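Engineer: Residue numbers (mature numbering (1 follows the signal peptide of the UniProt record, and there is no 0)): -28 to -1, 1 to 308.
The beta carbon of each residue, even a glycine, is placed where N, CA and C say it ideally should be.
Please read all numbers here as calculations on a predicted model, not as lab measurements.
The structure that follows is given in the form of C-alpha cells.
In C-alpha cells:
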C-alpha cells in the first residue's frame, strides 16, 4: 500500500514529460534533442522559456489543489468538499479578477495571490454563513450555487474592462497557456508554506476528520487547528488560482484517487494527494495540448483547449459517483 508513494512520483514524471514534449510550435523530436543539448536556439528558447515553466506551474497548481481538497474534506468531514464546491475557488477567482480590474495587478503574481486569498476567504465565509449546519449533500449543492454567484460577479467585473475579456477563459475555466517563470516564482513560495503547514497539520486532521468531541477528548484545541487548516486550504487554492485560474475538480479527484488505496491517515494521504494532483494537471495539460493540435487553425490563430476544461469533465464524473456514494451512506445510516 505504501508503495503508492513510490509509484506516484513516477506517474508525475511521466505526465510532466508528456506535457513537456507536446506542443504546436516545436515537435517532440526537436524537444528531445534540445533536452539533451542539441537543437537550434529557437527550440531551446521555447523549451526553457515556455514549456518548462508551463509544466512546473501545472505541477505546482495540481499539488496545491490536491492538498487543499484533502484538507477541506477532513475539516468539513464532507467527501464532496473541494475548492469548487465550497466557494473558495470561485471566491479566489473573484478576488484575482477584482485586483486585476481595479488595481491592475495582472502582471504581479505575488500581489495577485494576496487578492485571491482575500476572495477565497470571502467565498468560503459566505458558504459557511449560509450552510454551516447543512448535511454533506446539501452543503455541496449550496456550494455550487455560491460558486455560480461568485463566478457571475467575476464576469460582471470583467465587462467593466472589455480589454480583459480574453482573460476570462483562464480565470473561469483554468489554463496554463502563456505561463512563465514569473508565474512559477509567484507560486512555489506559497506552495512551500502550505506543504510545510500540511506536515504539521496531519495528526490534527486525523482527529478533526472523525469528530470534534473525540478531538477534544485527546486534548486537541479544535478551533485554532480548524482555522489553521482552513487557512492553509484557502492559501493553496488562492495560489493555484493566481497562477492558472480555476482548474476545476482537481481538489476532488486527487484525494479520492489515493484514499481508497492508502486509507484515511493524513501523513500518507496529504503527500499522495499532492502528487496525484500534480500528475492530474500535467496529464490534463498534455491532453488539452494534444487536442488543441488537432483543432484546425484559422490563419495564424488556433483555438486552445484550456487545461481546466479537461479536469472539469473528469471531475464531473467523479462528483456524481462520490455524491451517489454519500447519498447511499446517508440513507443506510438513517435506516439504522
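I need the DSSP call for residue 235, collapsed to helix, strand or coil.
Structural biologist: One-based indexing of the chain shown puts residue 235 at position 263. Coil at residue 235, not helix or strand.
Engineer: Just the Cα atoms here: how many angstroms apart are residue 51 and residue 236?
Structural biologist: For the purposes of this step, residue 51 is taken as the residue at position 79 of the chain shown. For the purposes of this step, residue 236 is taken as the residue at position 264 of the chain shown. Looking at the two C-alpha atoms, the distance is approximately 12 Å.
Engineer: Hey, how far is the Cα of residue -14 from the Cα of residue 74?
Structural biologist: Within the chain shown, the letter at position 15 stands for residue -14. Within the chain shown, the letter at position 102 stands for residue 74. Using only the alpha carbons, I get a separation of about 37 Å.
Engineer: Counting along the chain, where does the alpha helix (DSSP H) carrying residue 89 start and finish?
Structural biologist: Translated into the one-based positions of the chain shown, residue 89 becomes position 117. That run of the alpha helix (DSSP H) goes 81 to 103.
Engineer: For residue 189, count neighbouring Cβ atoms within 10 angstroms of its own Cβ and tell me buried if that reaches 16, exposed if not.
Structural biologist: Walking along the chain shown from the start, residue 189 turns up at place 217. Exposed, since its Cβ has fewer than 16 Cβ neighbours within 10 Å.
Engineer: When we look at the beta-carbon of residue 8 and count the other beta-carbons within 10 Å, is it buried (16 or more) or exposed?
Structural biologist: Within the chain shown, the letter at position 36 stands for residue 8. Exposed, since its Cβ has fewer than 16 Cβ neighbours within 10 Å.
Engineer: What is the DSSP secondary structure of residue 220, counted as helix, strand or coil?
Structural biologist: The residue you call residue 220 lines up with position 248 of the chain shown. In this structure, residue 220 counts as coil in the three-state DSSP scheme.
Engineer: With contact counted as at least three CB pairs below 8 Å, one residue from each stretch, are the stretch 39 to 55 and the stretch 69 to 87 in contact?
Structural biologist: Contact between the stretch 39 to 55 and the stretch 69 to 87 is absent, because fewer than three Cβ pairs lie under 8 Å.
Engineer: With burial defined as no fewer than 16 other Cβ atoms inside 10 Å of the residue's Cβ, what is the status of residue 2: buried or exposed?
Structural biologist: Locating residue 2 in the chain shown gives position 30, where the first residue counts as 1. So residue 2 counts as buried.
Engineer: Between residue 153 and the rest of its own chain, which residues show a CB-CB distance below 6 Å, the 5 nearest in sequence each way excluded?
Structural biologist: For the purposes of this step, residue 153 is taken as the residue at position 181 of the chain shown. Correct list, in chain order: 25.
Engineer: Quick one: measure Cβ to Cβ for residue 93 and residue 213, integer angstroms, because I've assumed they're closer than 8 Å.
Structural biologist: If you number the chain shown from 1, residue 93 lands on position 121. If you number the chain shown from 1, residue 213 lands on position 241. Going by Cβ atoms, the distance from residue 93 to residue 213 rounds to 13 Å, so no, they are not a contact pair.
Engineer: Please name the residue, chosen from 241, 30, -2, 122, that lies closest to residue 16 on a Cα-to-Cα basis.
Structural biologist: Here residue 16 corresponds to residue number 44 of the chain shown, with the count starting at 1. Of 241, 30, -2, 122, the residue nearest in Cα terms is -2.
Engineer: Kindly confirm or deny that the stretch 53 to 67 and the stretch 77 to 93 touch, where touching means at least three C-beta pairs closer than 8 Å.
Structural biologist: Flag = yes, the stretch 53 to 67 and the stretch 77 to 93 touch.
Engineer: DSSP state of residue 151, grouped into three classes?
Structural biologist: Here residue 151 corresponds to residue number 179 of the chain shown, with the count starting at 1. Here residue 151 sits in coil by DSSP.
Engineer: For residue 145, which residues in the same chain have their Cβ closer than 6 Å to its Cβ, ignoring the five residues on either side in sequence?
Structural biologist: As a position in the chain shown, residue 145 is number 173, starting the count at 1. The residues are 278, 280, 281.
Engineer: Beta-carbon separation of residue 187 and residue 180 under 8 Å?
Structural biologist: Position 215 of the chain shown, counted from the start, is the residue given in the question as residue 187. Position 208 of the chain shown, counted from the start, is the residue given in the question as residue 180. Contact flag set, yes.
Engineer: With distances taken between CB atoms, is the gap from residue 30 to residue 246 smaller than 8 Å?
Structural biologist: Walking along the chain shown from the start, residue 30 turns up at place 58. Walking along the chain shown from the start, residue 246 turns up at place 274. Taking 8 Å as the Cβ cut-off, residue 30 and residue 246 do not qualify as a contacting pair.
Engineer: Could you please give the first and the last residue of the uninterrupted alpha helix (DSSP H) stretch that includes residue 62?
Structural biologist: Numbered from 1 along the chain shown, position 90 holds the residue referred to as residue 62. 60 to 70 is the span of the alpha helix (DSSP H), which, as asked, contains residue 62.
Engineer: Count the other CB atoms, across all protein chains shown, that sit within 10 Å of the CB of residue 296; report buried if there are 16 or more and exposed otherwise.
Structural biologist: Reading the chain shown from its first residue, position 324 is the one you call residue 296. That one is exposed.
Engineer: What residues in its chain sit with their C-beta under 6 Å from that of residue -9, if we drop five residues either side in the sequence?
Structural biologist: Sequence index remark: in the chain shown, residue -9 carries index 20 (1-based). The residues are 23, 27.
Engineer: Suppose the cutoff is 8 Å on Cβ atoms and the five residues either side in sequence are ignored; what does the same chain contact list for residue 199 look like?
Structural biologist: Against the chain shown, residue 199 aligns to sequence position 227. Closer than 8 Å at the Cβ level, and outside the excluded window around residue 199, lies no residue.
Engineer: Reducing DSSP to helix, strand and coil, say where residue 50 ends up.
Structural biologist: Counted from its first residue, the chain shown places residue 50 at position 78. It is coil, neither helix nor strand.
Engineer: So what does DSSP say about residue 56, is it helix, strand or coil?
Structural biologist: Taking the first residue of the chain shown as 1, we reach residue 56 at position 84. The answer is coil: DSSP assigns residue 56 none of H, G, I, E or B.
Engineer: Classify residue 257 as buried or exposed, calling it buried when 16 or more other Cβ atoms lie within 10 Å of its own Cβ.
Structural biologist: As a position in the chain shown, residue 257 is number 285, starting the count at 1. Its Cβ being crowded by 16 or more others within 10 Å, residue 257 is buried.
Engineer: Whose CA, out of 34, 182, 201, 111, lies closest to the CA of residue 148?
Structural biologist: Counted from its first residue, the chain shown places residue 148 at position 176. Answer by Cα proximity: 34.
Engineer: Since residue 98 and residue 59 are thought to touch, with beta carbons under 8 Å apart, how far apart are those beta carbons, to the nearest angstrom?
Structural biologist: Here residue 98 refers to the residue found at position 126 when the chain shown is read from its first residue. Here residue 59 refers to the residue found at position 87 when the chain shown is read from its first residue. Yes, they are in contact, since the Cβ atoms of residue 98 and residue 59 sit about 6 Å apart, within 8 Å.
Engineer: If we count the other Cβ atoms within 10 Å of its Cβ and call it buried at 16 or more, is residue 261 buried or exposed?
Structural biologist: By 1-based counting over the chain shown, the position of residue 261 is 289. With 16 or more Cβ atoms within 10 Å of its Cβ, residue 261 is classed as buried.
Engineer: Could you spell out where the alpha helix (DSSP H) holding residue 133 opens and where it closes?
Structural biologist: Numbered from its first residue, the chain shown carries residue 133 at position 161. Here residue 133 belongs to no alpha helix (DSSP H), and DSSP marks it neither H nor E.
Engineer: Please classify residue 230 as buried or exposed, where buried requires at least 16 neighbouring CB atoms within 10 angstroms.
Structural biologist: Reading the chain shown from its first residue, position 258 is the one you call residue 230. Classification of residue 230: buried, given that the 10 Å Cβ count is 16 or more.
Engineer: Quick one: what does DSSP say residue 4 is sitting in, helix, strand or coil?
Structural biologist: In the chain shown, the residue the question calls residue 4 occupies position 32. Helix at residue 4.
Engineer: Kindly list the residues whose CB is nearer than 6 Å to the CB of residue -11, restricted to its own chain and excluding five residues on each side of it in sequence; keep chain order.
Structural biologist: Taking the first residue of the chain shown as 1, we reach residue -11 at position 18. Closer than 6 Å at Cβ, skipping near neighbours: 258.
Engineer: If distances are taken between C-alpha atoms only, which option among 251, 233, 197 comes closest to residue 223?
Structural biologist: Start at 1 with the first residue of the chain shown, and residue 223 comes out as number 251. It is 251 whose Cα lies nearest to the Cα of residue 223.
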